[in-house]
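Okay, structure first, notes after.
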Amino acid sequence: MSIIKSISVLFVFFLTFFAQAIKFIHTPISDGFLYSEQKVSCYCDQTEVGFAYVVQCARYICVIHSLYVYPDFRCRGYGGALVKHLCSFLKKNGGKRIYIQPGPFELTDNGLYKEIDISSYEVNIQKLIVFYKKFGFNPVSNISSLCAKVLYGIVCIDENANYLMVKRVR
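Take the sequence shown: its letters are residues 599 to 768, numbered as in our numbering.
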């Protein structure tokens, strides 16, 4: 009798958990001739659980950056749902190559980014690489990484291009 009760409790838990409505809201930031940028927010039951920015350059080259899930909502599938949504959205809009720069960071109380403790940086990067590989992203070649470093320097972006990843969309 207790096994049946346990199974029914588990069933109700899963129904409740998966019944939560996940919604994505796109907010245009810029819509220029050469590129456009949007903030994409992920909501669950009217609460923002995460966000990311997407840039579409030259129509078929896309970049996902600053993907973030708030600490209270991590390990619940929201990050994966956000990555899937972004890839689907970019593909529908003509994206052929989607780049992502794994980089662990946290938000400060006033909403500014801060890097995480350097001692755990490499461990977190490796976790993110494994996470993004689940969605078809792969590390770029050394040549592409070097080109990205040069580009980052030109546009004054403080990023480590050593971990840049790409997904080719068909």
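Where is the CB? At the ideal position from N, CA and C, for every residue including glycine.
Euclidean distance between Cα positions of Ile727 and Ile662: Looking at the two C-alpha atoms, the distance is approximately 14 Å.
Range covered by the alpha helix (DSSP H) that runs through Gly678: 676 to 690
Three-state secondary structure (DSSP) of Glu761: Before going further, note that residue 761 is Tyr rather than Glu in the sequence given. If DSSP states are grouped into helix, strand and coil, Tyr761 belongs with the helices.
Gln636 - partner residues in DSSP beta bridges: Pro626, Val652
For Arg695 and His683, the rounded distance between their alpha carbons: 15 Å
Outcome for Tyr761 when other beta-carbon atoms lying within 10 angstroms are tallied against a minimum of 16: buried
Cα-Cα separation, Lys637 to Pro737: 24 Å
Nonlocal neighbours in the same chain, by C-beta distance under 7 Å from Phe735, ignoring five residues either side: Ile698, Met763, Val764, Lys765
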